[in-house]
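Residue numbers (the numbering used here): -12 to 28.
Ideal Cβ positions, reconstructed from N, Cα and C, are used throughout, including at glycine.
All values reported here derive from a predicted model rather than from experimental measurement.
First the structure, in the form of structure tokens, and then the observations on it.
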């Protein structure tokens, strides 16, 4: 979560030349887990 904007979860690197589709998917999964944990509190 962003340090000063509560509830903002910047995520994703984007797949393409610099990043792969698998690492982009992993980033999305990690972000979804963080949002889920935040909403369950």
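Worksheet item: What residue from 27, 19 and 28 has the CA that sits closest to residue -4's CA?
Response: The shortest Cα separation from residue -4 among 27, 19 and 28 belongs to 19.
Worksheet item: What are the boundary residues of the alpha helix (DSSP H) that residue 26 is part of?
Response: Run containing residue 26: 8 to 26, per the alpha helix (DSSP H) assignment.
Worksheet item: Excluding five sequence neighbours on each side, which residues of the same chain lie with their C-beta closer than 7 Å to the C-beta of residue -2?
Response: Counting only Cβ-Cβ distances below 7 Å, and skipping sequence neighbours, we find 14, 15 and 18.
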